[in-house]
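Number of protein chains: 2
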Amino acid sequence: MDQVDALLKGDRLALARILSQIENNAPESHRLLDILFRHAGKAHIIGVTGPAGSGKSTLVNRLALAYRRPQDGTSPKKVGILAIDPTSPFTGGAVLGDRVRMRDLSGDDGVFIRSMATRGTLGGLALTTGEMATALDAAGFDVIFVETVGVGQSEMEIARLAHTILLVENPGMGDDIQAIKAGILEIGSIIAINKADRPGVETTERVLRNMLEMNSAGYGDDADFHHGFKTDTAPALAESDAAAWQIPLIRTVATTGEGIPQVIEALHGHLQYLKTSGRWQVTQKDRLRRDLDNLIREVLFQTWLGRMSPEEYDRALDRLFTRTVSPFRLAEELIVTDYANKTQVNHLK
Amino acid sequence: MDQVDALLKGDRLALARILSQIENNAPESHRLLDILFRHAGKAHIIGVTGPAGSGKSTLVNRLALAYRRPQDGTSPKKVGILAIDPTSPFTGGAVLGDRVRMRDLSGDDGVFIRSMATRGTLGGLALTTGEMATALDAAGFDVIFVETVGVGQSEMEIARLAHTILLVENPGMGDDIQAIKAGILEIGSIIAINKADRPGVETTERVLRNMLEMNSAGYGDDADFHHGFKTDTAPALAESDAAAWQIPLIRTVATTGEGIPQVIEALHGHLQYLKTSGRWQVTQKDRLRRDLDNLIREVLFQTWLGRMSPEEYDRALDRLFTRTVSPFRLAEELIVTDYANKTQVNHLK
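Set out below in structure tokens:
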């Protein structure tokens, strides 16, 4: 476990190697994580999400610099950045993005940046991201930005690893039905209207403010959706912070640094709110339970698959392809066969 | 089974009811789907995806109208539209969107529109959407549009239900790193540059064309990502069509109808290509296998959960919350305990 010791002592090369092992799901990664997990749990994880092109990377770079050079006399924070691109661009966008970043933050040992441009299974990518955050956390990074591309649900899954979610919007959104449909305001802790020097910023700010007011007035209630299975231990979706926490709406121009001190202040404020309200614990527990459930789901499936012969599986698929049996009925049948004489299959309808 | 009979005969009310039962995962929905499934498999399912605000709904409305009033002497097609918004807007965007749509397409029995503004589990939402498409398919709809908001991975999962994927882009994208990061060109069958009357359309078209050329030159190869589990029966990700199918790039202005005939022609062309190349079958099989695997995963998890006492589960969680055991180790342990004396747990590392 020399590697882990080196990581815990702040060795960047060891950290980089371990992150790669986690990303590639190397055989030893789970052993490493067993140890790292016990040293983690201290970092402030900040999810940054918003439409592509809204300037998230530039904003995160600026915020990282601000954490490195605090203006309030506190000591500099160590900052980790995980940039996740689940859409797997074939042009290597993430790599280019990294190079742009390096100019600003290179040579600073208190900053560690890792991009992943990968197209994973849905649960898998969020899981890997969480494990990488655990490694950075154990390595002593105080603040970890998890930056995602886009506003889809997998981005939300990843953002949900976070204690604090910073939503990045731009002037020009918010004034038509489509923009409203893209609304994911309810998951945000802080909203930055970036590129605020562009026309339309007043309208966008007004629309967003109205939305937030509607939300805190209770229009945001929305029944949870589950696929007909027992859900009593399903992780609760992150509650809107709107009730107790007033979501700040901040105009920023990341390229010039305008609004950055206000965002930093809001991030500090939200961290304080989390710690004093007990929501820090709740978020942490939700995340761990979600990880556990996803792992159990996957291990059960793989174990089941391992007991099946490929021929048996193919024969079952053929009945599906000829539409003689529906997927649900077949799933039920395959599992009942598997569990026969072992246990009762419950919760099938 | 009066309801199913009525649906199969084209009764819209029966269809609406059954779609609601599927959406709400009503107890009888799986019985209904067992029958519907056998009558499905004929419709051309077209996924429509692209950034929020790119004009997808307007484009889909126009395409639906074109299928209803073919200019080439063929008979009108019956068109179903499933509009999926996984981001669950609290402002009821989908409902507003519906109302806008109704003006164009109301009173036409050959068109059926259903919106879902729901925040589901990742697998669950794609599954429900697939089941709703099965119902529309069995009800005799020839063309089914599955329209999603955003370009995230869950949208891709949903779009992957489709035989043909129509990507909607806008002028102004494609000229910086962020836009490239948002690239999901590799999943598209047809690309529409909508709002093509706006400035910057030439640049966007040039950038997209370059990307497509890079892609077909083989830069698009990207190792699949899996979370360290056995993956030999994991569904193959939809292959890029680039090799055999030249992805058409079409300028459209959905609000005026410009470019709509060209998109319709491209959709017909892709359908022909799918049928003659055998890829229709491949797509269909991939989808069914994915559905089966997801159902098995979920049923196994719920069955496992059903055998656990809440106290036992909570005690396990406590060990996790105090960081005395990592999630992976705990999952492994819980499953080994469960399977003890029943079977060997394989594929754990």
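Going down the list, the protein sequences come from chains L and Y. For the numbering used here, count along the first sequence from 1 and bump the result up by 166. For the numbering used here, count along the second sequence from 1 and bump the result up by 166. Here a beta-carbon is modelled for each residue, glycine too, at the ideal position from N, C-alpha and C.
Query raised in the report: Excluding sequence positions up to five away, which residues of its chain have a Cβ less than 6 Å from the Cβ of Y/T449?
Result: Here the question's residue 449 of chain Y lines up with position 283 in the second sequence. Excluding residues within five positions, the ones whose Cβ falls inside 6 Å are H329.
Requested in this report: Please confirm if Y/S281 has its CB atom under 7 Å from at least one CB of chain L.
Outcome: Here residue 281 of chain Y refers to the residue found at position 115 of the second sequence. Not closer than 7 Å to any Cβ of chain L, the Cβ of Y/S281 fails to qualify, so no.
Query - Contact set for Y/G176: own chain, Cβ-Cβ below 7 Å, skip 5 residues either direction - result: For the purposes of this step, residue 176 of chain Y is identified with residue 10 of the second sequence, where counting begins at 1. Result list for Y/G176: A305 and G306, in chain order.
Query raised in the report: What residues from chain L crowd round Y/P493, counting only those whose CB sits closer than 7 Å?
Result: To locate residue 493 of chain Y, count along the second sequence from 1; it is residue 327. L454, D457, L458 and L461, listed in chain order.
Query raised in the report: Got a sec? Which residues, its chain only, sit under 8 Å from Y/T257 by beta carbon, not counting five neighbours each side?
Result: The residue you call residue 257 of chain Y lines up with position 91 of the second sequence. With a pLDDT of only 35 at Y/T257, under the threshold of 50, the placement of this residue in the model should not be trusted; the figure read from the coordinates follows. So the list is empty, once near-sequence residues are dropped.
Query raised in the report: Just curious, the alpha helix (DSSP H) that Y/E478 is in, first and last residue?
Result: On the second sequence, position 312 is the one that residue 478 of chain Y refers to. It spans P476 to F487 - the alpha helix (DSSP H) in which Y/E478 sits, taken as one unbroken run.
Requested in this report: Quick one: measure Cβ to Cβ for Y/A182 and Y/Q169, integer angstroms, because I've assumed they're closer than 8 Å.
Outcome: For the purposes of this step, residue 182 of chain Y is taken as residue 16 along the second sequence, with counting starting at 1. For the purposes of this step, residue 169 of chain Y is taken as residue 3 along the second sequence, with counting starting at 1. Actually they do not touch by this definition, with Cβ atoms about 11 Å apart.
Query raised in the report: At a Cβ threshold of 7 Å, is Y/D200 touching chain L?
Result: Here residue 200 of chain Y corresponds to residue number 34 of the second sequence, with the count starting at 1. Interface residue, yes.
Report task. Mind the definition here: the segment 462-476 of chain L touches the segment 452-472 of chain Y only if three or more C-beta pairs lie below 8 Å; say whether that holds. Result -> yes
**Report entry** Test item: CB-CB of Y/P476 and L/D457 under 7 Å
**Finding:** Position 310 of the second sequence, counted from the first residue, corresponds to residue 476 of chain Y. Position 291 of the first sequence, counted from the first residue, corresponds to residue 457 of chain L. Contact flag unset, no.
Query raised in the report: For L/H196 and chain Y, any beta-carbon pair shorter than 7 Å?
Result: Taking the first residue of the first sequence as position 1, residue 196 of chain L is located at position 30. It does: the Cβ of L/H196 has a partner Cβ on chain Y nearer than 7 Å.
Requested in this report: Residues of the segment 409-443 of chain L with a CB closer than 9 Å to any CB of chain Y: list them in chain order, please.
Outcome: none
Query raised in the report: Skipping 5 residues on each side, what residues in its chain have a beta carbon closer than 7 Å to that of L/T421?
Result: As a first step, residue 421 of chain L is located in the first sequence; it is residue number 255 there, counting from the start. Residues T224 of the same chain have their beta carbon placed closer than 7 Å to that of L/T421, with the five preceding and five following residues left out of the count.
Requested in this report: For L/R445, count neighbouring C-beta atoms within 10 Å of its own C-beta (all shown protein chains included) and say buried if the count is 16 or more, exposed if not.
Outcome: As a position in the first sequence, residue 445 of chain L is number 279, starting the count at 1. Answer is buried; the Cβ neighbour count reaches 16.
Query raised in the report: Expressed to the nearest angstrom, what Euclidean distance is found between the alpha-carbon atoms of L/A299 and L/I279?
Result: Here residue 299 of chain L refers to the residue found at position 133 of the first sequence. Here residue 279 of chain L refers to the residue found at position 113 of the first sequence. Between the alpha carbons of L/A299 and L/I279 lies a gap of roughly 11 Å.
Query raised in the report: Rounded C-beta distance between Y/L332 and L/L486? I'm assuming under 8 Å.
Result: Here the question's residue 332 of chain Y lines up with position 166 in the second sequence. Here the question's residue 486 of chain L lines up with position 320 in the first sequence. Contact flag wrong, Cβ pair sits at about 27 Å.
Requested in this report: State the beta-bridge partners of Y/G213 as determined by DSSP.
Outcome: Position 47 of the second sequence, counted from the start, is the residue given in the question as residue 213 of chain Y. In DSSP, Y/G213 forms a bridge with Y/V312 and Y/I331.
Requested in this report: Please list, in chain order, all residues of the same chain as Y/I188 whose beta carbon is under 8 Å from its beta carbon, the five residues on each side excluded.
Outcome: Counting from one through the second sequence, the residue named residue 188 of chain Y turns up at place 22. Result list for Y/I188: S195, L198, L199, T294, E297, M298 and A301, in chain order.
Query raised in the report: Can you find a CB in chain L that lies within less than 7 Å of the CB of Y/A362?
Result: Taking the first residue of the second sequence as 1, we reach residue 362 of chain Y at position 196. Interface annotation, Y/A362: not in contact with chain L, CB-CB separation never under 7 Å.
Query raised in the report: In chain C, which residues lie less than 8 Å from L/R481 when you measure between Cβ atoms?
Result: As a matter of chain content, chain C is missing from the structure shown, whose protein chains are L and Y.
Query raised in the report: So, using beta-carbon positions, are L/L433 and L/L374 closer together than 7 Å?
Result: Working through the first sequence from its first residue, we reach residue 433 of chain L at position 267. Working through the first sequence from its first residue, we reach residue 374 of chain L at position 208. Judged by their CB atoms, L/L433 and L/L374 are not nearer to each other than the 7 Å cut-off.
Report task. Would you decide whether Y/S186 is buried or exposed? Buried here means 16 or more other CB atoms lie within 10 Å of its CB. Result -> Along the second sequence, read from residue 1 onward, the residue named residue 186 of chain Y stands at position 20. The residue in question, Y/S186, is exposed, as its Cβ has fewer than 16 Cβ neighbours within 10 Å.
Report task. Would you tell me roughly how many angstroms separate the C-alpha atoms of L/R495 and Y/N191, rounded to the nearest one? Result -> Counting from one through the first sequence, the residue named residue 495 of chain L turns up at place 329. Counting from one through the second sequence, the residue named residue 191 of chain Y turns up at place 25. Using only the alpha carbons, I get a separation of about 15 Å.
Query raised in the report: Expressed to the nearest angstrom, what Euclidean distance is found between the alpha-carbon atoms of Y/V491 and L/P193?
Result: Locating residue 491 of chain Y in the second sequence gives position 325, counting from the first residue. Locating residue 193 of chain L in the first sequence gives position 27, counting from the first residue. Straight-line Cα distance between these residues: approximately 19 Å.
Requested in this report: At 9 Å on the CB atoms, spell out the chain Y contacts of L/P242, in chain order.
Outcome: Taking the first residue of the first sequence as position 1, residue 242 of chain L is located at position 76. Going along chain Y, no residue has its Cβ under 9 Å from L/P242, so there is no contact; the nearest lies around 27 Å.
Query - C-alpha gap between L/G425 and Y/A482, whole angstroms - result: Walking along the first sequence from the start, residue 425 of chain L turns up at place 259. Walking along the second sequence from the start, residue 482 of chain Y turns up at place 316. Answer to the nearest angstrom: the Cα atoms are 44 Å apart.
Requested in this report: Whole angstroms is fine: what's the gap from Y/G213's alpha carbon to L/T369's?
Outcome: As a position in the second sequence, residue 213 of chain Y is number 47, starting the count at 1. As a position in the first sequence, residue 369 of chain L is number 203, starting the count at 1. So the alpha carbons of these two residues sit roughly 32 Å apart.
Query raised in the report: Name the chain L residues that come within less than 7 Å of Y/F487, Cβ to Cβ?
Result: The residue given as residue 487 of chain Y occupies position 321 in the second sequence. Ordered by position in chain L, the residues that pass the 7 Å Cβ test against Y/F487 are K451 and L454.
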